[in-house]
Amino acid sequence: MELMGQYLGAGLACIGMAGAAIGVGNVAGNYLSGALRNPSAAASQTATLFIGMAFAEALGIFSFLVALLLLFAV
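According to my numbering, the residues represented by the sequence shown are 172 to 245, in order.
So, in structure tokens, the structure goes:
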């Protein structure tokens, strides 16, 4: 029963990784949309793109770490 709870908790914690993937796709898609509308301003917004993607990926990594802790921490 305890093992089932660990697996269930880890699976639920992995939902955050799906949210991070959606967030990165959203950031990149909005950047591409804006770059196609105004190509001259796209170069100045590249740093903002990478910062936004890093923040979104950090949340996915945190949820992965929580899942690992739920699986292997005793």
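We put the beta carbon where it would ideally sit given N, CA and C, even for glycine.
- In this structure, A191 sits near L230, with a CB-CB distance shorter than 8 Å.
- Using a Cβ distance threshold of 8 Å, Y202 and L179 do not count as a contacting pair.
- Sixteen is the threshold: when 16 or more other Cβ atoms of the shown chains lie within 10 Å of the Cβ of A227, as they do, the residue is buried.
- Taking all protein chains in view, the Cβ of S234 is crowded by 16 or more other Cβ atoms within 10 Å, so the residue is classified as buried.
- Separation of the CB atoms of L236 and Q177 is rounded to 15 Å, and the pair is thereby denied contact status at 8 Å.
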